[in-house]
Amino acid sequence: MAGHSKWANIKHKKAVTDARRGKVFTRLIKEITVAARMGGGDPSMNPRLRLAVEKAAEANMPKDNVERAVKRGSGDLDGVNYEEIRYEGYGIGGAAVILDCLTDNRIRTVSEVRHAFSKHGGNLGTDGSVVFQFKHCGQFFLAPGADEDAVMGAALDAGAEDVVVHDDGAIEVICAPTDFQAVRDALTAAGFKPEAADITMRAGTETALAGDDGARMQKLLDALESLDDVQDVYSTAAIED
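Under the working numbering, the sequence shown has 179 at position 178, and the numbering climbs by one with no breaks.
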């Protein structure tokens, strides 16, 4: 897609994440707590918790914080009981947006989400209005310059569904959520360190936005990302340079 760079978008998201380090810790603590509550406090037996703990290590979160969050989720310590909620909506040009939230106050969360959408030119939709445009999957991105054949061999042998080489040279590996750890281990064993690795909602078809529309969409996404109860933001928007 002319002017659109997968790698530029990934670097932008990483920069935003780094700039909000304190908020990242808060989100990770919530995710670790909920993962431990739902699947137990042993990361080796709980893939969701294992991924959350790995993200915490990558973010340099103190181990004490991680251990306390696991204990709260497991019931060994008192803590807030978070509820998982997904919201769907539309941004600029009809671009689809999904928000995954963890909250202790559903009324507050939906009010803040609705306000952010309306303030920045979007609309909060109904359940199921856009989720069909996304695929729940494991996703890895490797920087331009990685050996395509080696990445493809390692990933596909480990169960990956697809390997996509984008126009800017970034390599994307897609797998089923259940194969995420196996693919990650295979890439690591082959000497590759993905710049981004997560279980995500991947857009099936992208909505190209440029100029003012692209800038407005980015403001909407940033506003949604900044909400305290929002854990993840997914969108079909492909914002061009």
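The beta-carbon is built from N, C-alpha and C at its ideal position, and this holds for glycine as well.
What is the rounded straight-line gap between the Cα of V88 and the Cα of T127?
Position 87 of the sequence shown holds residue 88. Position 126 of the sequence shown holds residue 127. Reading the sequence as shown, one finds Tyr at residue 88 and not Val. Computed Cα separation, rounded: 8 Å.
Do K136 and G92 have their C-beta atoms within less than 8 Å of each other?
Residue mapping note: residue 136 aligns to position 135 of the sequence shown, counting from 1. Residue mapping note: residue 92 aligns to position 91 of the sequence shown, counting from 1. No, the pair does not count as a contact, with Cβ atoms beyond the cut-off.
Just how far apart, CA to CA, sit G4 and L143?
Mapped onto the sequence shown, residue 4 falls at position 3. Mapped onto the sequence shown, residue 143 falls at position 142. At G4 the pLDDT is 41, less than 50, meaning the model places this residue with poor confidence; the figure from the coordinates comes in the next sentence. So the alpha carbons of these two residues sit roughly 20 Å apart.
Residues near T104 in its chain [Cβ-Cβ closer than 7 Å; skip 5 each side]
As a working mapping, residue 104 is identified with position 103 in the sequence shown. Same-chain partners within the cutoff: Y83, E84, I86, T110, D230.
Within 10 angstroms of its Cβ, does S236 collect 16 or more other Cβ (buried), or is it exposed?
For the purposes of this step, residue 236 is taken as residue 235 along the sequence shown, with counting starting at 1. Counting Cβ neighbours within 10 Å, S236 comes out buried, since at least 16 surround it.
Candidates T189, R69, A238: which alpha carbon is nearest A211's?
The residue labelled residue 211 in the question sits at position 210 within the sequence shown. Closest option to A211, Cα to Cα, is A238.
As an exercise, report each continuous beta strand (DSSP E) stretch of at least 3 residues that is fully enclosed by the region 104-151, in chain order.
135-143
Boundaries (first-last residue) of the beta strand (DSSP E) holding D199
Walking along the sequence shown from the start, residue 199 turns up at place 198. From DSSP, the beta strand (DSSP E) with D199 extends over 197-204.
Using DSSP with H/G/I as helix, E/B as strand and the rest coil, what is E207?
Numbered from its first residue, the sequence shown carries residue 207 at position 206. The answer is coil: DSSP assigns E207 none of H, G, I, E or B.
Among E59, A191, V98, which has the Cα closest to the Cα of A224?
One-based indexing of the sequence shown puts residue 224 at position 223. The candidate whose alpha carbon is nearest that of A224 is V98.
Give me the Cα-Cα distance between P195 and A60, rounded to the nearest whole angstrom.
Here residue 195 is taken as the residue at index 194 of the sequence shown, counted from 1. Here residue 60 is taken as the residue at index 59 of the sequence shown, counted from 1. Rounded to the nearest angstrom, the two C-alpha atoms are 15 Å apart.
Out of R203, A147, D158, state which residue places its alpha-carbon closest to the alpha-carbon of V166.
Translated into the one-based positions of the sequence shown, residue 166 becomes position 165. When each option's Cα is compared against that of V166, the closest is A147.
Rounded distance between the beta-carbons of P145 and G122, thought under 8 Å:
Reading the sequence shown from its first residue, position 121 is the one you call residue 122. Reading the sequence shown from its first residue, position 144 is the one you call residue 145. No, G122 and P145 are not in contact; Cβ-Cβ is about 33 Å, not under 8 Å.
May I ask you to list the residues that DSSP assigns as paired with Y91?
Position 90 of the sequence shown, counted from the start, is the residue given in the question as residue 91. Note: Y91 sits in a beta bridge opposite A97, N124.
When DSSP labels each residue in this structure, what does A239 get in the three-state scheme?
The residue given as residue 239 occupies position 238 in the sequence shown. In this structure, A239 counts as strand in the three-state DSSP scheme.
Return yes when the Cβ of I175 is within less than 8 Å of the Cβ of D163, no when it is not.
If you number the sequence shown from 1, residue 163 lands on position 162. If you number the sequence shown from 1, residue 175 lands on position 174. Yes.
Are the beta-carbon atoms of D101 and Q182 separated by less than 8 Å?
For the purposes of this step, residue 101 is taken as the residue at position 100 of the sequence shown. For the purposes of this step, residue 182 is taken as the residue at position 181 of the sequence shown. No, Cβ-Cβ distance for D101 and Q182 is not below 8 Å.
Among all the DSSP beta bridges, which residues are the ones paired with V166?
Against the sequence shown, residue 166 aligns to sequence position 165. V166 is bridged to I172.
Should E32 go down as buried or exposed, given a rule of 16 or more other Cβ atoms within 10 Å for buried?
Here the question's residue 32 lines up with position 31 in the sequence shown. E32 should be labelled buried.
Let me make sure I understand the geometry here. Which of V131, G129, I172 has the alpha-carbon closest to that of D150?
Indexing the sequence shown from 1 puts residue 150 at position 149. Of the listed residues, the one whose Cα sits closest to D150 is I172.
Buried/exposed call for M46, threshold 16 Cβ in 10 Å
If you number the sequence shown from 1, residue 46 lands on position 45. The residue is exposed, with fewer than 16 neighbouring Cβ atoms inside 10 Å.
Span of the alpha helix (DSSP H), counted from its first residue to its last, around G74
Locating residue 74 in the sequence shown gives position 73, counting from the first residue. G74 -> alpha helix (DSSP H) spans 64-75.
Which of helix, strand or coil does DSSP assign to D186?
For the purposes of this step, residue 186 is taken as residue 185 along the sequence shown, with counting starting at 1. Three-state DSSP puts D186 in a helix.
Drop a sphere of 10 angstroms on the beta-carbon of T208, count the other beta-carbons inside from all chains shown, and report buried for 16 or more, exposed for fewer.
Position 207 of the sequence shown, counted from the first residue, corresponds to residue 208. The residue in question, T208, is buried, as its Cβ has 16 or more Cβ neighbours within 10 Å.
Once the 5 residues before and after K53 are set aside, which same chain residues still bring their CB inside 6 Å of it?
Numbered from 1 along the sequence shown, position 52 holds the residue referred to as residue 53. Note that residue 53 corresponds to Ala in the displayed sequence, not to Lys. Cβ neighbours of A53 beyond the five flanking positions: E32, I33, A36.
Neighbourhood of G115 by C-beta, 8 Å cutoff - its chain only, sequence neighbours within 5 removed:
Residue mapping note: residue 115 aligns to position 114 of the sequence shown, counting from 1. Position check: residue 115 holds Arg in this sequence, whereas Gly was assumed. Correct list, in chain order: L125.
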